[in-house]
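Below: the structure, in structure tokens.
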Amino acid sequence: MAAGDGPHPSQRTVPPGLLRALHPRSSGRGGGGLAVVYRDISPCSKLRSDSFSSFELQITKVGSDSPFYCILIYRPPGPARVFLDEFAEFLSGIINFNSVLIMGDFNIHIDDSSCASASELLFITESFNLIQHVSVPTHDKGHTLDLVFSLGLDIKQLRVKDSHISDHCWIFFSVISPRPSLPTPVRMQRRILSQNVSDRFTDLFDANSFNHFNDVDSFMYSFNSHCETILNTIAPVRQSVSSKKSFPWINAEIHSFRRLCRKIERLWKITKLEVHRLHLKELISTLNGMIKQARSTFFHNLISMNKRNPKTLFNTIYTLTSPSSSQLPNLSQSDCSTFLQTFSARISDVGHNIPPLVSAPPPPSPQFSQTWSNFSPVTVEDIHSLLNKIKPSSCPLDIIPTPIFLKVFECIGAAVVDLINLSLMSGSVPSFLKHAIINPVLKKPNLDHSDQNNFRPISKLPFIAKILEKVVAEQLRSFLEQNNICDIFQSGFKKNHSTETALLKVSNDVLMAADSGQYTVLILLDLKSAFDTVNHEIMLERLHNNYGLSGSVLNWFVSYFSGRSYKVCVNSLSSEAKILSCGVPQGSVLGPILFTLYMIPLGRLISKFSNISYHLYADDIQLYCSFGKNNYTNLSNLLDCLASIRVWLNDNHLLLNPNKTETIIFAPDDKIPSIKSHLGSLSSSVQPSLRNLGVWFDKAMSLDSHSKRLVKNCFYHLRNVAKLKTMLTRSDLELIIHAFISSRLDYCNSLFTCFNKKSLKRLQLVQNSAARLLTGTNKRTHTTLCFYLYIGFLLNLE
14 MAAGDGPHPS
24 QRTVPPGLLR
34 ALHPRSSGRG
44 GGGLAVVYRD
54 ISPCSKLRSD
64 SFSSFELQIT
74 KVGSDSPFYC
84 ILIYRPPGPA
94 RVFLDEFAEF
104 LSGIINFNSV
114 LIMGDFNIHI
124 DDSSCASASE
134 LLFITESFNL
144 IQHVSVPTHD
154 KGHTLDLVFS
164 LGLDIKQLRV
174 KDSHISDHCW
184 IFFSVISPRP
194 SLPTPVRMQR
204 RILSQNVSDR
214 FTDLFDANSF
224 NHFNDVDSFM
234 YSFNSHCETI
244 LNTIAPVRQS
254 VSSKKSFPWI
264 NAEIHSFRRL
274 CRKIERLWKI
284 TKLEVHRLHL
294 KELISTLNGM
304 IKQARSTFFH
314 NLISMNKRNP
324 KTLFNTIYTL
334 TSPSSSQLPN
344 LSQSDCSTFL
354 QTFSARISDV
364 GHNIPPLVSA
374 PPPPSPQFSQ
384 TWSNFSPVTV
394 EDIHSLLNKI
404 KPSSCPLDII
414 PTPIFLKVFE
424 CIGAAVVDLI
434 NLSLMSGSVP
444 SFLKHAIINP
454 VLKKPNLDHS
464 DQNNFRPISK
474 LPFIAKILEK
484 VVAEQLRSFL
494 EQNNICDIFQ
504 SGFKKNHSTE
514 TALLKVSNDV
524 LMAADSGQYT
534 VLILLDLKSA
544 FDTVNHEIML
554 ERLHNNYGLS
564 GSVLNWFVSY
574 FSGRSYKVCV
584 NSLSSEAKIL
594 SCGVPQGSVL
604 GPILFTLYMI
614 PLGRLISKFS
624 NISYHLYADD
634 IQLYCSFGKN
644 NYTNLSNLLD
654 CLASIRVWLN
664 DNHLLLNPNK
674 TETIIFAPDD
684 KIPSIKSHLG
694 SLSSSVQPSL
704 RNLGVWFDKA
714 MSLDSHSKRL
724 VKNCFYHLRN
734 VAKLKTMLTR
744 SDLELIIHAF
754 ISSRLDYCNS
764 LFTCFNKKSL
774 KRLQLVQNSA
784 ARLLTGTNKR
794 THTTLCFYLY
804 IGFLLNLE
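Position in the sequence shown (first residue = 1) + 13 = this note's numbering.
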């Protein structure tokens, strides 16, 4: 039609006030295609999309401020194999879309649980964290063919109605796009640390102020007072109110330059002169460049500092790429006290559920060949080397913030070493280092803030306490290794051992038994708050009688367990302190090692039962036995062993959690009912698959369920990494992908020999997507080139 002849014929089918985005069918049957109809006041734009041989596609961007992407799909009837492969490739190419709505006619019977194509389609969409909302038939033949998937959108009031003009039904629903909520104003006290604060601290610090102290508490108090006086002079504590989300890369220089921009903007609004407008435009361009550079520098420093600490890196990246739904609202001091009571009640409830001892067990005879009575003193060089191994965590109790502590260590190092050596030689731990801060953290972002049972207590200790404990831990490990004290089937917190070695041992035993025609029953025992209920008297008695600790070393551990306390802190408010009467200190360096020593007698108990195997990882207990066909004698031994374990746990103030104890049977489906009947009360805990130290075992040991969850998890993190791509340099993006994606694919990969071709293909899809994100190539670039570049960067990291 010539210009001015009226609207396009297709537009005439649209009611007034509406517009359409059309994607006509270019080949095949005549007519047809895809179209989006929208209100003329809504900003919508059709995006260019790739073409695929197995389905038609149209992408429309809806909205401007917080847009989402509407994707229409039509798959013609026929075999679905090519479609499933191409659809997975398409989804891997849109991981940078935060909010997505996918809908259309997929011509797959999604309602048929026996349909392999339907199962594969649902797996693919779940891997990309898409949610399918249609659960009723959409076709007059009674099948569900038309589907609605969403990501980052809230789908409400979905209903299906007969169209009366087609064999397909109408699907009506409302889309609610989430808007970022305004953060609650938070009052807090903090020090404003300038760039030269470390130099000024070094000039004022007097290392000779502590030479005359022979008592660790006096030394610690004097050291803290001196450091606090200096910091109050050069960086005093100030009250601040945070009412909006602040970006950590916005520095004082940017704030100052932004004020200049606003000044010129006000001038231009008054004068309306072109010269002032051009000046403002130039300043804004410079400001944007400064922000971009500062942001890039911030991420570079963050990644460099935490490249060996993935947990901190993950938490920071998650905070920047996800809504802060886990942020605590404004709380009062009484709320902090209520949190304290809630957390304390969890531990006391476990103690109340432990049956009383019928008779005290006889004291064990000494089982050591060598005693350890004195620590070895340390030097400044030892501590400096140790600081490179320890996580630079911070605690509200720290007098010197950890970043400043690391910068001024050359100045304060001698005093810190004197304090540590005085503690080791005197067998006494400073009282200041035995007090912990509990920070409530929501277990999952979508949980109710008002229910305090939804919070997990995160314990934090002063940074110097972690240094002292690290010194003791290294000497303790050396003593344990020299005297062969550790349990050979304990993989937790032991050199050259990990969750992978534990799982490799168990899975190998299961597969070897299967190869010899045997079946296996595996029980995962769960303990309630195991670290928090360790009895201090039993622990100290075991250190002395079982492992040979004496003299100042034993005195140090007696001091370590005595007089410990904790309190809950939120923002600048805190509860009263509470004495820690049991448990190894959470958040400590020594806690996990001491717990493994506490559990050694359990391994010796299990070893007394014939044909019963076990493996431990800290408080995770794996108990299993293999047996021949129709020979269930070993199952009786397994149940007897489990009964003895319950008694031992009760005697040692630990409590088994039957509700979270899980069992899996590795046997053919037709044999499982018969085996379950011989498991007694354990039969109710039998699962077809279970999570074992981060790896999902299934009854066939194919690890198929693990591969599905792994792919879904990787694409979730790949989507978050894609959000930050424009903020990162190429080298930083490489490290982020290695930390977030490659590390997950590598976790326990020695077990992946169980994977079939389908599972390996899923993992290959993840690697291809990561390679494309890293190399900046699109879906049309051959994956061989992308993967070659991807492997090249991995080799450069070694």
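Each residue gets a CB set at the ideal place from its N, CA and C atoms; glycine is no exception.
query	result
Collapsed DSSP secondary structure at glycine 440 in the structure displayed	coil
Validate contact between the segment 525-537 and the segment 674-690 using beta carbons, cut 8 Å, 3 pairs	yes
Which residues DSSP lists as bridging asparagine 705, in chain order	Val708
Proline 90, DSSP secondary structure in three states	coil
Proximity below 8 Å, CB of asparagine 670 to CB of aspartate 500	no
contact_flag[the segment 473-482, the segment 393-407] where n(CB pairs < 8 Å) is 3 or more	yes
Neighbour-count burial assignment, valine 149, 16 or more Cβ in a 10 Å radius	exposed
Terminal residues of the beta strand (DSSP E) in which aspartate 63 lies	It is not in any beta strand (DSSP E) - aspartate 63 carries neither H nor E in the DSSP assignment.
Alpha helix (DSSP H) runs wholly inside the segment 236-293, at least 4 long, in chain order	265-284
Sub-8 Å separation of cysteine 638 and proline 409 beta-carbons	no
N-terminal and C-terminal residue of the alpha helix (DSSP H) that methionine 552 is part of	549-558
C-beta contact flag for aspartate 628 and alanine 752 at 8 Å	The amino acid at residue 628 is misidentified as aspartate; the sequence shows histidine. Not a contact, by the Cβ cut-off of 8 Å.
Beta-carbon separation (whole angstroms), leucine 636 vs lysine 320, contact threshold 8 Å	That pair is no contact at about 38 Å.
Residue ranges of each beta strand (DSSP E) within the segment 377-455, 3 or longer	448-455
Where phenylalanine 141 falls: helix, strand or coil (DSSP)	coil
Three-state class that DSSP yields for alanine 48 in the structure shown	strand
Supposed contact pair isoleucine 450 and cysteine 240 - C-beta distance, whole angstroms, cut 8 Å	With 8 Å as the limit, cysteine 240 and isoleucine 450 do not qualify as a contact, their Cβ atoms being about 18 Å apart.
Residue range of the unbroken beta strand (DSSP E) whose run includes histidine 719	Counting along the chain, histidine 719 falls outside any beta strand (DSSP E), though it belongs to the alpha helix (DSSP H) covering 717-736.
Supposed contact pair aspartate 159 and isoleucine 184 - C-beta distance, whole angstroms, cut 8 Å	6 Å
Beta carbon of phenylalanine 468 nearer than 8 Å to that of leucine 489	no
Alanine 101 classed as buried or exposed, judged by whether at least 16 other C-beta atoms fall within 10 angstroms	buried
Residue burial classification, histidine 365 (beta-carbon count within 10 angstroms, cutoff 16)	exposed
Among Ile498, Asn301, Lys282 and Lys276, nearest to threonine 384 - alpha-carbon criterion	Ile498
Rounded Cβ spacing between serine 238 and phenylalanine 226 (contact assumed at less than 8 Å)	Wrong, their Cβ atoms sit about 12 Å apart, outside the cutoff.
Buried or exposed (CB count within 10 angstroms, at least 16 for buried), proline 89	exposed
Neighbourhood of leucine 97 by C-beta, 8 Å cutoff - its chain only, sequence neighbours within 5 removed	Ser130, Glu133, Leu134 and Ile137
Own chain partners of asparagine 111 with C-beta closer than 6 Å, once the 5 adjacent residues on each side are dropped	Gly165
6 Å CB neighbourhood of alanine 220 in its chain, flanking five on each side removed	Ala427 and Ala428
Sub-8 Å separation of histidine 462 and asparagine 548 beta-carbons	no
As assigned by DSSP and simplified to three states, the class of glycine 616	helix
Cβ contact check for the segment 559-579 and the segment 698-717: 3 or more pairs under 8 Å	no
Residues sharing a beta bridge with tyrosine 637, DSSP	Leu535 and Ser626
Sequence-distant residues of its chain with Cβ nearer than 7 Å to glycine 505 (five each side left out)	Pro605, Thr609, Leu629, Tyr630 and Ala631
Sequence-distant residues of its chain with Cβ nearer than 6 Å to phenylalanine 492 (five each side left out)	Trp385
Cβ-Cβ distance between serine 140 and lysine 771 below 8 Å	no
Contact under 8 Å by Cβ, phenylalanine 3 with valine 485	Because the chain spans 14 through 811 in this model, residue 3 falls outside it and cannot be assessed.
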